[in-house]
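Participant:
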Amino acid sequence: MHKVEVVENGLEATKKITEFENEGFAKDNIYIFSHDKDRSKDLTDATETGSVGMEEQGVIDSVGNLFRERGDELRSKMQSLGLSEMEAVQYEKVLDEGRVVVIATDNQEGPEHLL
């Protein structure tokens, strides 16, 4: 199961993260997406939330992201968290508008389900 929220800024993202934690999601299973890589990293670091890496995506997708455009990379990462391709496209468009997407997941499967 996953929950997705669209917010305008870091302050709203922090509030949403607290709400997700109160709903029982572990902080390591909450992810922040921004179209700007630096903003995304800064928000992830500041809120101490998870980052989508090899564990969530698997080796093939992680390496593939090195050669993808930012939008393709974001959609791939969102899909690795359980969003459908259509959902990932929809939220990537929101990111194009400068907004922030916060995703909480309770996915307990290991990375092998992503290969």
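In this text, residue positions in the sequence shown follow full-length UniProt numbering: the first is 1, and each later residue adds one.
C-beta atoms are modelled at their ideal positions from N, C-alpha and C, and glycine is treated no differently.
1. Looking only at DSSP bridge pairs, what is Glu5 linked to?
2. Mind checking whether Glu5 and Val94 have CB atoms under 7 Å apart?
3. Apart from the five residues just before and just after Phe33, which ones in its own chain have a Cβ nearer than 8 Å to its Cβ?
4. At which residues does the alpha helix (DSSP H) containing Phe20 begin and terminate?
5. Which residue marks the beginning of the beta strand (DSSP E) containing Phe25, and which one marks its end?
6. Going by beta-carbon coordinates alone, are Thr49 and Gly82 separated by less than 7 Å?
7. Skipping 5 residues on each side, what residues in its chain have a beta carbon closer than 6 Å to that of Gly71?
8. Note down the Cα distance separating Asn11 from Glu87, rounded to an integer number of angstroms.
9. Between Glu23 and the rest of its own chain, which residues show a CB-CB distance below 8 Å, the 5 nearest in sequence each way excluded?
Facilitator: Looking at the atomic coordinates:
1. Counting from 1 along the sequence shown, the entry for residue 5 is found at position 5. DSSP, once it has assigned bridges, lists Val102 as partnering Glu5.
2. As a working note, residue 5 is residue 5 in the sequence shown. As a working note, residue 94 is residue 94 in the sequence shown. Taking 7 Å as the Cβ cut-off, Glu5 and Val94 do not qualify as a contacting pair.
3. Your numbering for residue 33 matches position 33 in the sequence shown. Excluding five sequence positions before and after Phe33, the CB atoms of its chain that fall closer than 8 Å to its own CB belong to Ser40, Leu74, Lys77, Met78, Tyr91, Leu95, Val100, Val101, Val102, Ile103, given in chain order.
4. Here residue 20 corresponds to residue number 20 of the sequence shown, with the count starting at 1. Residues 10-22.
5. Walking along the sequence shown from the start, residue 25 turns up at place 25. If you look at Phe25, you'll find it isn't in any beta strand (DSSP E); DSSP assigns it neither H nor E.
6. Stepping through the sequence shown from its first residue, residue 49 is reached at position 49. Stepping through the sequence shown from its first residue, residue 82 is reached at position 82. In this structure, Gly82 does not lie closer than 7 Å to Thr49 by Cβ.
7. Within the sequence shown, the letter at position 71 stands for residue 71. Hits under 6 Å: Glu92.
8. Mapped onto the sequence shown, residue 11 falls at position 11. Mapped onto the sequence shown, residue 87 falls at position 87. Residue identity check: residue 11 is Leu in the sequence provided, not Asn. Distance between the alpha carbons of Leu11 and Glu87 is about 24 Å.
9. Here residue 23 refers to the residue found at position 23 when the sequence shown is read from its first residue. Excluding positions up to five away in sequence, the list reads Lys3, Ala104.
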